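Positions 16 to 146 (this note's numbering) are the ones given, in order, by the sequence shown.
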Amino acid sequence: MKKVITYGTFDLIHHGHINILRKAKEYGDYLIVGLSSDEFNALKEKEAYYSFEERKLILEAIKYVDEVISEDNWNQKIIDIQSNEIDLFVMGSDWEGKFDELMPYCEVIYLPRTEGISSSKIKKDLFNKKC
Ligand code: C2G
């Protein structure tokens, strides 16, 4: 069984998230998502609209996602890859090259980011509509 892992905040789920999850799953048989905890989001200086538990519930309802684990820091990926026997690490192209240090532990690929959508764009557009 080919196991794939990807990480992110996945707040306000949109088609860009669905595209990366669908494409990541196409590379294997089992997809684990390392979901950023609320505390880690604070470290990333990202404020999610939904809590970790709410984002986890939503992700677990997506058919491409087989398992959700917590992403609590920048340094857990190697341990996650080894303990989950991961074959492939996938991230969007906005992270191109940033996780190449994982190459000794599993295959690393960066997939094209979906243009024109992001959680922050959603928030901004909704705010502007309101004004
Ligand atoms: N993504 C995408 N297209 C978009 C928006 C996001 O392909 N329009 C991808 C990102 O490239 C990433 C994943 O969706 O691979 C999750 O994106 P975010 O929730 O924004 O996660 P991020 O803040 O990039 O955190 O350790 C890694 C970090 O936790 C990644």
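Every residue gets a Cβ at the ideal spot worked out from N, C-alpha and C, and that includes glycine. All of these numbers come straight from a predicted model, not from anything done at the bench.
With a contact defined as Cβ atoms closer than 8 Å, residue 99 and residue 47 qualify at about 6 Å.
With 16 or more other Cβ atoms from the protein chains shown falling within 10 Å of its own Cβ, residue 26 counts as buried. A direct Cα-to-Cα measurement between residue 53 and residue 102 gives close to 27 Å.
Residue environment: residue 90 is assigned as exposed (fewer than 16 neighbouring CB atoms within 10 Å of its CB, all protein chains considered). Unbroken beta strand (DSSP E) stretches of 3 residues or longer found wholly inside the region 41-100: 45-51, 82-86, given in chain order. Shortest gap from the CB of residue 25 to any heavy atom of the ligand C2G: under 7 Å. In the DSSP assignment, residue 18 falls within the beta strand (DSSP E) that extends over 18-23. Per DSSP, the continuous alpha helix (DSSP H) segment holding residue 137 begins and ends at 134-145. In chain order, 123 place their CB closer than 7 Å to the CB of residue 115, counting only its own chain and leaving out the 5 sequence neighbours on each side. Within 10 angstroms of the beta-carbon of residue 107 lie 16 or more other beta-carbons, which makes it buried. Linking residue 139 to residue 50 through their CA atoms gives a straight-line distance of about 23 Å. Per DSSP, the continuous beta strand (DSSP E) segment holding residue 122 begins and ends at 122-126.
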